Amino acid sequence: MLPLAHILALSAILFGLGAVGFIVRRNIITIFMCIELMLNAVNLAFIGFSRYLGNLDGQVFVFFVIVVAAAEAAVGLAIIIAVYRNRGSLSIEDFDSLKL
Amino acid sequence: MAMRFDLLLPLLAILVKVGVVLVALLTAVAYAVWLERKVVARIQSRWGPYRVGPHGLLQPVADALKIFFKEDIVPSDADRVVYWLAPFLAFTLALLSIAVIPFGTSITIGGHTIPFQIADLNVGLLFVLAVTSLGVYGVALAGWSSNSKYPLLGGLRSSAQMISYELSLGLGVVGVVMVAGSLSLREIVERQSDLWNVFVQPVGFLLYFTAAIAETNRVPFDLPEGESELVGGFHTEYSSFKFAMFFMAEYANIVTVSCLATLLFFGGWLGPVFGPPLLRALLPVLWFCLKVFCFLFLYIWIRGTLPRFRYDQLMAFGWKFLLPVGLLNVLVTSLILAWRST
Amino acid sequence: MAPLFYVLATVAILAALCLVLERTPVYSALSLIVVLCSLAVIYLLLGAEFLAVVQVIVYAGAIMVLFVLVIMLLNARQETSTDRSRLARWLGAPLLLAFLGEVIFAVWQRFPPETAPAATALVGGPRAIGELLFRNYVLPFEVTSILILVAVLGAVVLAKKRL
Chain A
1099 MLPLAHILAL SAILFGLGAV GFIVRRNIIT IFMCIELMLN AVNLAFIGFS
1149 RYLGNLDGQV FVFFVIVVAA AEAAVGLAII IAVYRNRGSL SIEDFDSLKL
Chain B
65 MAMRFDLLLP LLAILVKVGV VLVALLTAVA YAVWLERKVV ARIQSRWGPY
115 RVGPHGLLQP VADALKIFFK EDIVPSDADR VVYWLAPFLA FTLALLSIAV
165 IPFGTSITIG GHTIPFQIAD LNVGLLFVLA VTSLGVYGVA LAGWSSNSKY
215 PLLGGLRSSA QMISYELSLG LGVVGVVMVA GSLSLREIVE RQSDLWNVFV
265 QPVGFLLYFT AAIAETNRVP FDLPEGESEL VGGFHTEYSS FKFAMFFMAE
315 YANIVTVSCL ATLLFFGGWL GPVFGPPLLR ALLPVLWFCL KVFCFLFLYI
365 WIRGTLPRFR YDQLMAFGWK FLLPVGLLNV LVTSLILAWR ST
Chain C
2 MAPLFYVLAT VAILAALCLV LERTPVYSAL SLIVVLCSLA VIYLLLGAEF
52 LAVVQVIVYA GAIMVLFVLV IMLLNARQET STDRSRLARW LGAPLLLAFL
102 GEVIFAVWQR FPPETAPAAT ALVGGPRAIG ELLFRNYVLP FEVTSILILV
152 AVLGAVVLAK KRL
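Protein chains in written order, with this note's numbering: chain A, 1099 to 1198; chain B, 65 to 406; chain C, 2 to 164.
1) If you follow the alpha helix (DSSP H) that P336(B) is part of, which residue opens it and which one closes it?
2) Below 9 Å between beta carbons: does that hold for F167(B) and W333(B)?
3) Answer yes or no: do L52(C) and Y44(C) have a C-beta to C-beta separation smaller than 9 Å?
4) Between which two residues does the alpha helix (DSSP H) holding H1104(A) run?
5) Classify R250(B) as buried or exposed, calling it buried when 16 or more other Cβ atoms lie within 10 Å of its own Cβ.
6) For the alpha helix (DSSP H) containing S322(B), list its first residue and its last residue.
7) Taking CB distances under 9 Å as the criterion, tell me whether L247(B) reaches chain C.
8) Residues of chain E with CB closer than 7 Å to the CB of V1158(A), please, in chain order.
9) Which of the three DSSP states, helix, strand or coil, is assigned to S161(B)?
10) Determine the closest residue to Y36(B) out of G83(B), A158(B), G207(B), with distance taken between C-alpha atoms.
11) Check the C-beta distance from H299(B) over to F307(B) and give it rounded, since I have them as a contact under 8 Å.
12) Taking the alpha helix (DSSP H) that I1145(A) falls in, what are its first and last residues?
13) Who are the Cβ neighbours of V85(B) in its own chain at under 6 Å, not counting the five residues just before and after it?
14) Using the C-alpha atoms, what's the distance from V87(B) back to Y272(B)?
15) When you compare each of I1164(A), L1175(A), A1168(A) to I72(C) by their alpha carbons, which one comes out closest?
16) Since I believe I364(B) is in contact with I425(B) (beta carbons under 8 Å), could you give me their beta-carbon distance rounded to a whole number of angstroms?
17) Is any beta-carbon of chain C found at less than 9 Å from that of S223(B)?
18) Below 7 Å between beta carbons is the criterion; list the residues of the segment 55–87 of chain C that meet it against any residue of chain B, in chain order.
19) Between N1246(A) and chain C, is the shortest Cβ-Cβ distance under 9 Å, so that the two count as touching?
20) In terms of residue numbering, what span does the alpha helix (DSSP H) encompassing T172(B) cover?
21) Just the C-alpha distance for R78(C) and I1190(A), rounded to the nearest angstrom, thanks.
22) Given a threshold of 16 other Cβ atoms within 10 Å of its Cβ, counted over all protein chains shown, does K355(B) qualify as buried or as exposed?
23) Please report the distance separating the alpha-carbon of M65(B) from that of L76(B).
24) Using the C-alpha atoms, what's the distance from V144(C) back to V262(B)?
25) Of the residues that make up the segment 185–209 of chain B, which ones have a beta carbon closer than 9 Å to any beta carbon in chain C?
26) Using a Cβ cut-off of 9 Å (strictly closer), state whether F1161(A) contacts chain C.
27) Around the C-beta of L47(C), are 16 or more other C-beta atoms found within 10 angstroms, so that it is buried, or is it exposed?
28) Compare the beta carbon distance of F1113(A) and M1136(A) with 9 Å and say whether it is the shorter of the two.
29) When the distance is taken between beta carbons, is L1108(A) closer than 9 Å to A10(C)?
30) From the DSSP output, in three-state form, read off T177(B) for me.
31) Smallest Cα separation from L101(C): which of A1110(A), L1106(A), L1100(A)?
32) What's the call for V139(C), buried or exposed, on a 16-neighbour Cβ count within 10 Å?
33) According to DSSP, is S210(B) part of a helix, a strand, or is it coil?
34) Does DSSP put S248(B) in a helix, in a strand, or in coil?
35) Would you mind working out which of G331(B), L362(B), S398(B), D258(B) sits nearest T169(B), comparing C-alpha positions?
36) Less than 9 Å between the beta carbons of V389(B) and M242(B), yes or no?
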């Protein structure tokens, strides 16, 4: 028997690690990957709740989160490519002014 | 701590099945190489391997020994971890999809019924698609980690090609899923007992087979690894055992795709069955293997006959022709099914 | 079943640590793929069959391929630590970890480990998810398809060299 608290604890740990990575890292692609990690932690929480409430709506919501994450990854990486072409660097410390 | 015999026997059955299937698959891969060299040679009016064993049948053994004794060269500045990881990843994933492929019905030994399938998932078809999606990594990482321009270009082109044709592969299969009403491979075959799916979904079959050839990087879609184009493509800098793993992974993928084509479109193991119970259990396996062999021969025949596509023609074909045809196929199939059910 | 969850949870946490601590972007991407695949198996354990396979096909097999290809194309090098990143590391990380501890504590209070799963814990097979998607959630489904179309167009326009 798997307690819900353990699933939520794993989800919280993964979310926390993603958030820490988001704050600490300098490379914009790695920051983006930490965002994806946070999204996955949330998915895990949804599926845990879906199982413990006997309701499949949580899983449908995860389906939508995955689809939206795909769209967001595509557009985000396209933006990163465009910014790299303009600034020549992938470190967020070089993205600190709106002027070119 | 009594021994749980009721748990032990299925576990033992699974282990035996895994062993048998792996040995059979690796032998099939080795002899697919022999078959390819012989068939392509005959198409080109020459003999092919002839000296090593009768009709060159021991050629795969000779090739394996040669490859093991070759020097293992690693380029300087190659990313060590990923360079080592890529061929193992490619090989492992190529062997993984066999786990859900049913070879026949089932065999009854001493009161226990053992199905001829390692794992009967009810999302079996999606599992095969998932493993195919992950197969892109072997190619992309190999190209990147070799730290050399030909592998990088070949790897990028190969992975872009594989991602593009995955869509058409999936769409070709959606029609079959709608007709069968299930994603389990065993159920899809059992629903074909009246009529094989190739007659119900001809467009789906052509779509699936074309996309499968592109997925496995075979002629006419093998520009990323054709010798006259990019030296060796993503596996240029690999030698000895790691190269052998890529080679075996490619042929294992071909065998898997052929197995899937027979299951989805040609009735899998369905065929005339007669005789005592043991024969009844083994004949379907024989029919299955014969059909897979026909598909392997078709693959090799196409390789010996057609010239290769240019890369932009290849990508345009995948996105601008196959994808709309796939969507149209799904639309028409769903309209027909909806009209039939009213 | 439960021991398998703890093994997978450990693998996921170790891979997430790798993702956060690794200097080379390609290794971070590979660690994220390991996290995604172990989460997919955890979903399978929790009865979400369809979602487990969708996670591997879409997340690990398509989104992460996009990440890996972009990392290769942009030739992302190893990160270097600077003054500003040191500030973030010594100030931001501990504060976040404290917040994380609070969240876990609150969760543990609200859902003590004795909570049992619902008696009608359903298995999310393709048919069940499909029925929900096309009956109750058909509007979000159609809106999502438009969202994906917009994302495709946006990505093509943004990544072009010359419009």
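Cβ coordinates follow ideal geometry from the N, Cα and C atoms, glycine included. Quick caveat, the model's predicted, so the values are computed rather than measured.
In short, the structure shows the following:
1) Here residue 336(B) corresponds to residue number 272 of the second sequence, with the count starting at 1. No alpha helix (DSSP H) contains P336(B), which DSSP labels as neither H nor E.
2) By 1-based counting over the second sequence, the position of residue 167(B) is 103. By 1-based counting over the second sequence, the position of residue 333(B) is 269. In this structure, W333(B) lies closer than 9 Å to F167(B) by Cβ.
3) The residue you call residue 52(C) lines up with position 51 of the third sequence. The residue you call residue 44(C) lines up with position 43 of the third sequence. Yes, the Cβ-Cβ distance between L52(C) and Y44(C) is below 9 Å.
4) The count along the first sequence starts at 1 and reaches residue 1104(A) at position 6. From DSSP, the alpha helix (DSSP H) with H1104(A) extends over 1102–1122.
5) Reading the second sequence from its first residue, position 186 is the one you call residue 250(B). The residue in question, R250(B), is buried, as its Cβ has 16 or more Cβ neighbours within 10 Å.
6) Taking the first residue of the second sequence as position 1, residue 322(B) is located at position 258. From DSSP, the alpha helix (DSSP H) with S322(B) extends over 304–329.
7) Position 183 of the second sequence, counting from 1, holds the residue named residue 247(B). L247(B) has a beta carbon lying within less than 9 Å of a beta carbon in chain C.
8) Considering every chain present, this structure includes no chain E. Its protein chains are A, B and C.
9) Within the second sequence, numbered from 1, the residue matching residue 161(B) stands at position 97. S161(B): helix per DSSP, three-state reduction.
10) Because chain B here runs from 65 to 406, residue 36(B) falls outside it and cannot be looked at.
11) The residue you call residue 299(B) lines up with position 235 of the second sequence. The residue you call residue 307(B) lines up with position 243 of the second sequence. Correct: roughly 6 Å between the Cβ atoms.
12) To locate residue 1145(A), count along the first sequence from 1; it is residue 47. Run containing I1145(A): 1126–1151, per the alpha helix (DSSP H) assignment.
13) On the second sequence, residue 85(B) is found 21 positions in, with the first residue counted as 1. Counting only residues of its own chain and dropping the five nearest sequence neighbours on each side, V85(B) has a CB closer than 6 Å to the CB of I162.
14) Taking the second sequence and counting its residues from 1, one reaches residue 272(B) at position 208. Taking the second sequence and counting its residues from 1, one reaches residue 87(B) at position 23. If I take the Cα positions, the gap works out to 27 Å.
15) The count along the third sequence starts at 1 and reaches residue 72(C) at position 71. I72(C) has its Cα closest to that of L1175(A), out of I1164(A), L1175(A), A1168(A).
16) Because residue 425(B) is not part of the residues shown, which for chain B are 65 to 406, the question remains open.
17) Counting from one through the second sequence, the residue named residue 223(B) turns up at place 159. S223(B) counts as touching chain C.
18) Listed by position along the chain: V57, I58, A61, G62, A63, V66, V69, L70, M73.
19) Absent from the structure is residue 1246(A), since the part of chain A shown begins at 1099 and ends at 1198.
20) Sequence index remark: in the second sequence, residue 172(B) carries index 108 (1-based). If you look at T172(B), you'll find it isn't in any alpha helix (DSSP H); it sits in the beta strand (DSSP E) that goes 170–173.
21) To locate residue 78(C), count along the third sequence from 1; it is residue 77. To locate residue 1190(A), count along the first sequence from 1; it is residue 92. Whole-angstrom Cα-Cα distance: 14 Å.
22) Position 291 of the second sequence, counting from 1, holds the residue named residue 355(B). Flag for K355(B) reads buried.
23) The sequence position of residue 65(B) within the second sequence is 1, counting from 1. The sequence position of residue 76(B) within the second sequence is 12, counting from 1. Its pLDDT being 46, under 50, M65(B) is placed unreliably in this model, and the coordinates cannot settle the point.
24) Reading the second sequence from its first residue, position 198 is the one you call residue 262(B). Reading the third sequence from its first residue, position 143 is the one you call residue 144(C). The alpha-carbon atoms of V262(B) and V144(C) are separated by roughly 35 Å.
25) So the list reads L185, N186, V187, L190, F191, L193, A194, V195, T196, S197, L198, G199, V200, Y201, A204, L205, G207, W208, S209, given in the order they occur along the chain.
26) The residue given as residue 1161(A) occupies position 63 in the first sequence. At least one beta carbon of chain C lies nearer than 9 Å to the beta carbon of F1161(A).
27) Reading the third sequence from its first residue, position 46 is the one you call residue 47(C). Per the 10 Å Cβ criterion, buried.
28) Position 15 of the first sequence, counting from 1, holds the residue named residue 1113(A). Position 38 of the first sequence, counting from 1, holds the residue named residue 1136(A). One thing to note: F1113(A) has its Cβ within 9 Å of the Cβ of M1136(A).
29) Mapped onto the third sequence, residue 10(C) falls at position 9. Mapped onto the first sequence, residue 1108(A) falls at position 10. Against a cut-off of 9 Å, the Cβ pair of L1108(A) and A10(C) comes out as a contact.
30) To locate residue 177(B), count along the second sequence from 1; it is residue 113. It is a strand residue.
31) Position 100 of the third sequence, counted from the first residue, corresponds to residue 101(C). Selected option, being the one with the closest Cα: A1110(A).
32) Within the third sequence, residue 139(C) is the residue found at index 138, counting from 1. Here V139(C) is exposed. Its C-beta has fewer than 16 other C-beta atoms within 10 Å.
33) Residue 210(B) sits at position 146 when you count from the first residue of the second sequence. Three-state result, S210(B): coil.
34) Position 184 of the second sequence, counted from the start, is the residue given in the question as residue 248(B). Coil, per DSSP.
35) For the purposes of this step, residue 169(B) is taken as the residue at position 105 of the second sequence. Ranking the options by Cα distance to T169(B), first place goes to G331(B).
36) Within the second sequence, numbered from 1, the residue matching residue 389(B) stands at position 325. Within the second sequence, numbered from 1, the residue matching residue 242(B) stands at position 178. Cβ distance not < 9 Å, so V389(B) and M242(B) don't count as in contact.
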